[in-house]
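Mapped onto this note's numbering, the consecutive letters of the sequence shown carry residue numbers 201 to 532.
The beta-carbon is built from N, C-alpha and C at its ideal position, and this holds for glycine as well.
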Amino acid sequence: MRRKATITAIGKYVPEKILSNFDLEKMVDTSDEWIRTRTGISERHIAAEGEASSDMASFAFQDLQRRFDIDPQEIDVIIVATITPDMFFPSTAALIQYNIGATNAWGFDISAACSGFVYAMIIAAQLVENGLYKKVLVAATDTMSTITDYTNRDTCVLFGDAASVVLVEPTENAEFGIIDYLAKMDGSGKDFLYMAGGGSRHPASHETIDKKMHYIYQEGKTVFKLAVSKMADVSIELLQRNSFTGADVGLFIPHQANKRIIDACVNRLKLKDGQVLINIDKYANTTAATIPLGIVDGYDQGRLKPGDLLLMSAFGGGFTWGSMLMRWSLLQ
Ligand code: COA
């Protein structure tokens, strides 16, 4: 039988500063009513001046350590999901390794935008399932405020900053842990959701700054439509190939980009309100961090009990999308 991996520890960090819809009303031509009804967002957290993605992830790890007795020196691998690394290199994983004192770990960053957590978890599961490693830390951290144009109402209302970490380890009990996963990608999505400036295509220059190329660009309507269909499709495919239906799901934690996207997915999966975790109202879209933030919130609210079937699904830039199914194993 396949060795199984499971989540054995969790932690989160959200910066103190809150940017509410009412604050945004004073910055761009928008309204609390428009943002709430079109997206489900009421407020988002914004990193302090100089606070980078590695800092946020390290604070999330401190939260994990407060909750669970984990020795950082026992961590074998650190996988970081982020599109807002502190810098191109060294990797954010290296910076987090140094910050938290995980001196025996190696690691790397992956770039899969809003699907980053699902992608990273698939790699972590593989590293544990094949018996190579025992403790893999997955950190999802995005400082979206650093690539958001706060004069553009199309995007500035949508994003927030946060980090969350989970530890993946082998499980002795075959009834628990990660059951299955699916990841997908369609590179034709490159034209609809991107940040063009600063890479090798358009290295940083006065021109890239003048043209605001270091900010997120998004064609919202296209992304919206695909997010609904792809997130639902991949979730249904994963459930079906494991002989489950929506009725078996204990908790669905979808990527939090827009409450209307979540509602449409929930309808396609035929889930009831009590089966889905929605926290977009207080955090907005924190990119890679949305699902693990949802895991911590669900756990803290007593909505994740050992044996519950947890379905996670994401869609994001690339386009990338994917889904993971697990039996929750962590006691409160
Ligand atoms: N405040 C007020 N009005 C706004 C606004 C804002 N913040 N942003 C856009 N509008 C306006 C538009 O200019 C447009 O005006 P017009 O009709 O006069 O042209 C109108 O509201 C409707 O815009 P539209 O783009 O049709 O709105 P929408 O219902 O598609 O919602 C998004 C826009 C961005 C909220 C939605 O498309 C979305 O959530 N997309 C996916 C986001 C996402 O998932 N991104 C991350 C990757 S997973």
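Using a Cβ distance threshold of 8 Å, A457 and A427 count as a contacting pair. The region 324 to 340 and the region 396 to 412 do not touch, with fewer than 3 CB-CB distances between them shorter than 8 Å. Contact holds between the region 250 to 258 and the region 281 to 288, because three or more Cβ pairs, one in each stretch, are under 8 Å apart. Nearest in C-alpha terms to E216, of all of A363, V228, F268 and G522, is A363. Collapsing the DSSP output to three states places Q326 in a helix. For the 8 Å CB-CB criterion, G389 and G518 form a contact.
Taking 7 Å as the cut-off, the C-beta of I461 counts as close to a heavy atom of the ligand COA.
Burial state of E243 is buried, judged by a 10 Å Cβ sphere holding 16 or more other Cβ atoms. The residues R203, in chain order, have a CB closer than 8 Å to that of N330 in the same chain once the five nearest residues on each side in sequence are set aside. Across the structure, T230 and L439 are spaced so that their CA atoms are roughly 39 Å apart. Residue burial is scored here from C-beta neighbours: M227 has fewer than 16 other C-beta atoms within 10 angstroms and is therefore classed as exposed.
For E216, DSSP records no beta bridge to any residue.
The criterion of a C-beta distance shorter than 8 Å is satisfied by W521 and M431.
In this structure, V366 lies away from P454, with their beta-carbon atoms at least 8 Å apart. Excluding sequence positions up to five before and after A209, its CB lies within less than 6 Å of the CB of L264, F268, I270 and L367, all in the same chain and listed in chain order.
The beta carbon of R460 lies closer than 8 Å to those of R238, T239, G240 and F424 in the same chain, with the five residues before and after it left out. Taking D497 as the centre and dropping the five residues before and after it, the same chain places the C-beta of N479 closer than 6 Å to its C-beta, in chain order.
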